[in-house]
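Positions 4 to 153 (my numbering) are the ones given, in order, by the sequence shown. Have a look at the structure below, then the notes.
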Amino acid sequence: MDLKPTHGDRVRANTVPEVNQRIDEQIERNIRHYSGQTKEEIYRRIRELDQEWDIERVLETMASSFSLTGIVLGSTVAKRWYLLPAVVLSFLLLHAIQGWCPPLAILRGLGIRTHEEIARERYALKALAGDFAGISKEPSRVEQTLAAVK
4 MDLKPTHGDR VRANTVPEVN QRIDEQIERN IRHYSGQTKE EIYRRIRELD QEWDIERVLE
64 TMASSFSLTG IVLGSTVAKR WYLLPAVVLS FLLLHAIQGW CPPLAILRGL GIRTHEEIAR
124 ERYALKALAG DFAGISKEPS RVEQTLAAVK
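Now the structure itself:
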């Protein structure tokens, strides 16, 4: 069965390897840190992850904000401002088609993660908290959890 790549896969494919590695290492550090915490602390972190904006949401919010700004300025200040939504929306279309657009490199460099990267940390923490039976076998819970999310 040939599965279609997700937006997250395409975003990662269009992100420089060093940035992907930095994001992956941060996920691993977070999992290791929370492996020594109480269930309450782990669940607090899971709630934080539930609130984290992924790259798609950030790009969509930025595109709509800049586009609306350009439309308002184009109708009130000068017609040349209509160029802003044209450029921004072309970036959004490019991202939808290819999984890449110029702001992507900046946002990824700032550590904005894909939905899949956020979910990887969330489910590893749920496993550490004992939400999934059978994952806590040999090797250690932390090592097995890290292996399961790679």
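By construction, the Cβ of each residue, glycine as well, lies at the ideal position given by its N, Cα and C atoms.
Neighbourhood of residue i by C-beta distance below 8 Å, restricted to the same chain and skipping five residues each side
{"i": "V145", "result": "I34, R35, S38 and L131"}
{"i": "P69", "result": "The sequence shown places Phe at residue 69, not Pro. Excluding positions up to five away in sequence, the list reads L87, P88 and V91."}
{"i": "E55", "result": "R116 and I121"}
{"i": "Q29", "result": "G114"}
{"i": "K42", "result": "A132 and G133"}
Test item: CB-CB of residue i and residue j under 8 Å
{"i": "N17", "j": "G114", "result": "no"}
{"i": "D57", "j": "R116", "result": "yes"}
{"i": "E59", "j": "H118", "result": "yes"}
Cut-off 6 Å between Cβ atoms - residues of its own chain near residue i, not counting five sequence neighbours on either side
{"i": "I74", "result": "P88"}
{"i": "D5", "result": "Low confidence applies to D5: its pLDDT is 44, below 50, so where it sits in the model is not reliable enough to give any reading."}
Burial state of residue i (16 or more Cβ within 10 Å)
{"i": "A81", "result": "exposed"}
{"i": "V19", "result": "exposed"}
{"i": "A66", "result": "buried"}
{"i": "I100", "result": "exposed"}
Contacting residues, own chain, Cβ-Cβ under 7 Å from residue i (five flanking each side not counted)
{"i": "G112", "result": "V22"}
{"i": "R15", "result": "N23 and T117"}
{"i": "R83", "result": "none"}
Which listed residue (the options) has its alpha carbon closest to that of residue i
{"i": "A12", "options": "G77, H98 and Y85", "result": "Here the sequence assigns Asp to residue 12, which means Ala is not the residue at that position. Residue H98 is the option with its Cα nearest to D12."}
{"i": "D134", "options": "W84, R25, I26 and I49", "result": "I49"}
{"i": "V61", "options": "A127, K129 and L110", "result": "L110"}
{"i": "Y85", "options": "T72, L95 and L96", "result": "T72"}
**Request:** May I ask you to verify whether the region 119 to 128 touches the region 91 to 110, counting CB pairs closer than 8 Å and requiring at least 3?
**Result:** No, the region 119 to 128 does not touch the region 91 to 110.
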